[in-house]
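Visitor: Note that the sequence shown covers residues 79 to 358 in my numbering. Handing you a structure now.
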Amino acid sequence: MSIQWFPGHMAKARNEIIEKIKVVDIVYVLLDARIPYSSSNPMINEILTNKKKLYILTKLDMADHSVTKEWENYFRSQNIPCLVVDSISGINVKKIEILSREVLKEKIERDLSKGMKMRPIRAMIVGIPNVGKSTLINRLVNKKVTNVGNKPGVTKAQQWIRINQNIELLDTPGVLWPKFEDETVGIHLALTGAIKDEVLKKEELVFYLLKYLRKNYPNNLLDKYQIDIKESNEEFDCIEYVTEFVKKYHIKNDDYDRCYDIILNDFKNGRIGKISLDRV
Ligand code: G4P
């Protein structure tokens, strides 16, 4: 297992985040748009009580748009401000600033009414490994990194990155640990690359994925591999599918591991289409 989150690690990560959020106005909680539930952290709400949050669903380009819409509606129904972005092409990234202002509207107005000078919004990013924290930081910064130095009153030196005159970002994101208690969550994390797939048996991952695709995205699966297996007793036979796969794609020596790697990589790289694994 590549990420081992023992209680000690969790407590350390938690304390580091608690320390850092003291100096920010808003926390950007990153979730993978394909797995908003599985990529969330069970303790995030407790850690961020009384802190303004903006949920940012990353990898918009890889998720099923209709499911993503449902997630957006869900978060809004819970009064959780949220935004979906593609940090690679930059879609919606500029909206982060606008939404941050909205989330902090009351505070900004209060400060102004007290005669305080407008200062840049201070933000930090948190999320589980591989959710896209560094990619979003780079996209926000647009490679014109400006360090604006340390803030007075902060015991540990914090580097701030000035995104523009209105926003400053803590340079190191907070790394959260993923949930491990639930088997399906583990499978979703492995399939999307949030945890190494050696954590779970490849065969288990592939069979789960094939069944899921067959049920929810049958055309994507058929278009990609052109394999049509008839269901017997309403049960989709994964063994029959991979046997057919090995034959059709001339995989030598009946190397099923090779077949599993192809399917897993195709999925991870979006070659089977825009697919969401978590549903509201
Ligand atoms: P982290 O800091 O949270 O650990 O994640 P990081 O930014 O390193 O991103 C993890 C992977 O997710 C990277 O791919 C990155 O390119 C990809 N990624 C991040 N945001 C988006 C997005 O909005 N859309 C898409 N399609 N991909 C995104 P990688 O394959 O691990 O690295 P690389 O080979 O692309 O450099």
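The beta carbon of each residue, even a glycine, is placed where N, CA and C say it ideally should be.
If you draw a straight line from the alpha carbon of Y303 to that of L355, how long is it in whole angstroms?
Guide: For the purposes of this step, residue 303 is taken as the residue at position 225 of the sequence shown. For the purposes of this step, residue 355 is taken as the residue at position 277 of the sequence shown. One C-alpha to the other measures close to 20 Å.
Visitor: Is DSSP giving E97 helix, strand or coil here?
Guide: Against the sequence shown, residue 97 aligns to sequence position 19. Helix.
Visitor: So what does DSSP say about T136, is it helix, strand or coil?
Guide: On the sequence shown, residue 136 is found 58 positions in, with the first residue counted as 1. Here T136 sits in strand by DSSP.
Visitor: Got a sec? Which residues, its chain only, sit under 6 Å from N93 by beta carbon, not counting five neighbours each side?
Guide: For the purposes of this step, residue 93 is taken as the residue at position 15 of the sequence shown. Around N93: no qualifying Cβ.
Visitor: Throw me the rounded Cβ distance for the L214 and T136 pair, which I believe falls under 8 Å.
Guide: Within the sequence shown, residue 214 is the residue found at index 136, counting from 1. Within the sequence shown, residue 136 is the residue found at index 58, counting from 1. Yes, they are in contact, since the Cβ atoms of L214 and T136 sit about 7 Å apart, within 8 Å.
Visitor: If you compare alpha carbons, which of D260, E322, A201 and L267 is closest to Q237?
Guide: What you label residue 237 is simply residue 159 of the sequence shown in a count that begins at 1. Of the candidates D260, E322, A201 and L267, the one whose C-alpha sits nearest the C-alpha of Q237 is A201.
Visitor: Threshold first: 3 residues or longer. Then list the beta strand (DSSP E) segments lying entirely within the segment 169-216, N to C.
Guide: The segment 169-216 contains these whole beta strand (DSSP E) runs: 199-205.
Visitor: List the DSSP bridge partners of L109.
Guide: Mapped onto the sequence shown, residue 109 falls at position 31. Beta-bridge pairing links L109 to L135.
Visitor: Compute the Euclidean distance between the alpha carbons of D142 and A91, then round it to the nearest angstrom.
Guide: The residue you call residue 142 lines up with position 64 of the sequence shown. The residue you call residue 91 lines up with position 13 of the sequence shown. Cα to Cα, D142 sits roughly 32 Å from A91.
Visitor: In whole angstroms, what is the alpha-carbon distance linking L299 and D335?
Guide: Taking the first residue of the sequence shown as 1, we reach residue 299 at position 221. Taking the first residue of the sequence shown as 1, we reach residue 335 at position 257. If you take the alpha carbons of L299 and D335, they lie about 19 Å apart.
Visitor: Would you call the segment 316-324 in contact with the segment 250-268, where contact means no fewer than 3 C-beta pairs closer than 8 Å?
Guide: Flag = no, the segment 316-324 and the segment 250-268 do not touch.
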